[in-house]
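Okay, structure first, notes after.
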Amino acid sequence: MLLVAGVFTLSTTLVSCKAPDTREKVAVAAPNGIKTKLLRIGYFTAADITKSRQVLEKHLNPLGIQVQWAQFTAGPQLLEAINVGSLDIGTVGETPPIFAQATGIPFVLLANTIPGTGEGSAIVVPEDSPIKTIADLKGKRIAFQRATASQYFVVKALQEGGLELKDVKHLNLIAPETRAALSRKSIDAAVLGDPHLAIFQRTEKVRILRNAKGLSTQGGYWIAARSFVKENPELIKIVLEEVYKLGKWSKVNTREVAEIVGRDTKLDLPTLETIVKRRRFGIRPITDKVIAGQQEISDLFYKQKFITKKINVKDVTLTPEEYAAILPAEIKP
Numbered sequence: 242m243l244l245v246a247g248v249f250t251l252s253t254t255l256v257s258c259k260a261p262d263t264r265e266k267v268a269v270a271a272p273n274g275i276k277t278k279l280l281r282i283g284y285f286t287a288a289d290i291t292k293s294r295q296v297l298e299k300h301l302n303p304l305g306i307q308v309q310w311a312q313f314t315a316g317p318q319l320l321e322a323i324n325v326g327s328l329d330i331g332t333v334g335e336t337p338p339i340f341a342q343a344t345g346i347p348f349v350l351l352a353n354t355i356p357g358t359g360e361g362s363a364i365v366v367p368e369d370s371p372i373k374t375i376a377d378l379k380g381k382r383i384a385f386q387r388a389t390a391s392q393y394f395v396v397k398a399l400q401e402g403g404l405e406l407k408d409v410k411h412l413n414l415i416a417p418e419t420r421a422a423l424s425r426k427s428i429d430a431a432v433l434g435d436p437h438l439a440i441f442q443r444t445e446k447v448r449i450l451r452n453a454k455g456l457s458t459q460g461g462y463w464i465a466a467r468s469f470v471k472e473n474p475e476l477i478k479i480v481l482e483e484v485y486k487l488g489k490w491s492k493v494n495t496r497e498v499a500e501i502v503g504r505d506t507k508l509d510l511p512t513l514e515t516i517v518k519r520r521r522f523g524i525r526p527i528t529d530k531v532i533a534g535q536q537e538i539s540d541l542f543y544k545q546k547f548i549t550k551k552i553n554v555k556d557v558t559l560t561p562e563e564y565a566a567i568l569p570a571e572i573k574p
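The number in this note's numbering is simply the position in the sequence shown, starting from 1, with 241 added.
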């Protein structure tokens, strides 16, 4: 997503990537390609209606499968949890998988999440800042977390002003730290995504220098550990089917989505309504077009030396037969 990929936490405490593995294995493979009794899901976006409505719990608990949710500040932390074996599946923006693939994390892309409007992610400056254009950022201090969707957004936005990332002073901060730094004016600009952006717009005197509207974006991804997909294809199918159905419902019930998520997150309703309106719910298949778009981003990052290894995005995809086994019938390519 060309949004700052959510980065929502209920507190500033990070979820540990070293959480104990409480997974209970079934002695004999369960029917329908399910070998686990515990599904561990990572998330970090606001308005995560899948978690709030507990659709997976309702489907899986009767099958003897427990669902465990883990909240992260951003995609890199979520992918690292997959890397160390403390997480099975989760959602991320388009950028974290590129850095993860370059470092050898064993994951696969399951489905593509539909991009939002672009308004939920922005380069923000204090209201009284002398910075008026993207070009004015040259030599200025701008904060965002490396290897997140923020990095791709900033690169594309800076290009509009004739700049590169090396032309600004980047501070590698997670979203809560970025918000605090901008409030103190210890930085000149920040890249924020919802809910941080929506909260900031309601509580602070800030100005949007450029949001992500109009910039091309891949959207994000549902990802999973490769070994988990191999052992539990039917479980992955259940997850994606529930996500797809809930996405269709969410498109026409945005206020109810905000109300439901509000009970889960404790954010105020106006802020949540803003967040929900900027989002687009639903998933789509990993097509050749999606792969080509992701490859274009990874090639850009390699060219600009953000990653040291040239990657082939197809290496983190499944075979057509494997996708056919896990995708909802309505979105099979």
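By construction, the Cβ of each residue, glycine as well, lies at the ideal position given by its N, Cα and C atoms.
Inter-residue Cα distance where the pair is residue i and residue j
{"i": "V366", "j": "V557", "result": "37 Å"}
{"i": "V493", "j": "S539", "result": "34 Å"}
{"i": "L301", "j": "I567", "result": "16 Å"}
{"i": "R425", "j": "L406", "result": "23 Å"}
{"i": "I524", "j": "G488", "result": "7 Å"}
{"i": "G376", "j": "V296", "result": "Strictly speaking, residue 376 in this sequence is Ala, with Gly absent from that position. Distance between the alpha carbons of A376 and V296 is about 46 Å."}
{"i": "P272", "j": "I477", "result": "A caution first: P272 carries a pLDDT of 49, below 50, which makes its placement in the model too unreliable to give a value."}
{"i": "S327", "j": "K373", "result": "44 Å"}
{"i": "E265", "j": "L508", "result": "Only weak support exists for where E265 lies, its pLDDT of 45 falling under 50; the coordinates are left without a value."}
{"i": "S427", "j": "P347", "result": "38 Å"}
{"i": "I275", "j": "P561", "result": "20 Å"}
{"i": "E563", "j": "E335", "result": "22 Å"}
{"i": "D435", "j": "L510", "result": "14 Å"}
{"i": "G455", "j": "K299", "result": "38 Å"}
{"i": "T515", "j": "A439", "result": "7 Å"}
{"i": "L541", "j": "P303", "result": "46 Å"}
{"i": "A430", "j": "V470", "result": "40 Å"}
{"i": "T419", "j": "V333", "result": "19 Å"}
{"i": "A268", "j": "N324", "result": "Residue confidence is low: A268 scores 37 on pLDDT, short of 50, so the model does not pin down where it sits. Its coordinate-derived value is still stated next. In a straight line, the C-alpha of A268 is about 24 Å away from that of N324."}
{"i": "K379", "j": "G402", "result": "9 Å"}
{"i": "E360", "j": "T444", "result": "17 Å"}
{"i": "I572", "j": "T528", "result": "11 Å"}
{"i": "R467", "j": "G316", "result": "17 Å"}
{"i": "Q386", "j": "A565", "result": "35 Å"}
{"i": "K397", "j": "E500", "result": "34 Å"}
{"i": "L559", "j": "R448", "result": "43 Å"}
{"i": "K381", "j": "V432", "result": "13 Å"}
Distance CB(residue i)-CB(residue j) smaller than 9 Å
{"i": "G283", "j": "F313", "result": "yes"}
{"i": "I383", "j": "V480", "result": "no"}
{"i": "T291", "j": "P337", "result": "no"}
{"i": "L423", "j": "V409", "result": "no"}
{"i": "F547", "j": "Q392", "result": "yes"}
{"i": "P569", "j": "Y462", "result": "no"}
{"i": "I532", "j": "K555", "result": "yes"}
Whole-angstrom C-beta distance between residue j and residue i, which should lie under 8 Å
{"i": "Q309", "j": "R281", "result": "5 Å"}
{"i": "A202", "j": "P526", "result": "Nothing in the structure corresponds to residue 202, since the chain is present only between 242 and 574."}
{"i": "Q459", "j": "G534", "result": "5 Å"}
{"i": "E368", "j": "K446", "result": "4 Å"}
{"i": "A363", "j": "R294", "result": "Incorrect: roughly 28 Å between the Cβ atoms, too far for contact."}
One or two residues paired with residue i in a DSSP bridge
{"i": "I464", "result": "G331 and L350"}
{"i": "I372", "result": "Paired residue(s): none; I372 is not in a bridge."}
{"i": "P367", "result": "V447"}
{"i": "G434", "result": "S362"}
{"i": "A421", "result": "Paired residue(s): none; A421 is not in a bridge."}
{"i": "I527", "result": "DSSP lists no partner for I527."}
Terminal residues of the beta strand (DSSP E) in which residue i lies
{"i": "G503", "result": "Premise fails: G503 lies in the alpha helix (DSSP H), T495 to T506, not in any beta strand (DSSP E)."}
{"i": "I383", "result": "R382 to F385"}
{"i": "K183", "result": "Shown here, the chain extends from 242 to 574; a query on residue 183 therefore has no answer."}
{"i": "A570", "result": "Here A570 belongs to no beta strand (DSSP E), and DSSP marks it neither H nor E."}
{"i": "V308", "result": "Q307 to Q312"}
Range covered by the alpha helix (DSSP H) that runs through residue i
{"i": "Q442", "result": "H437 to T444"}
{"i": "Y477", "result": "Checking the displayed sequence, the identity of residue 477 turns out to be Ile instead of Tyr. Unbroken alpha helix (DSSP H) run through I477: P474 to K492."}
{"i": "K397", "result": "A390 to E401"}
{"i": "S293", "result": "I290 to R294"}
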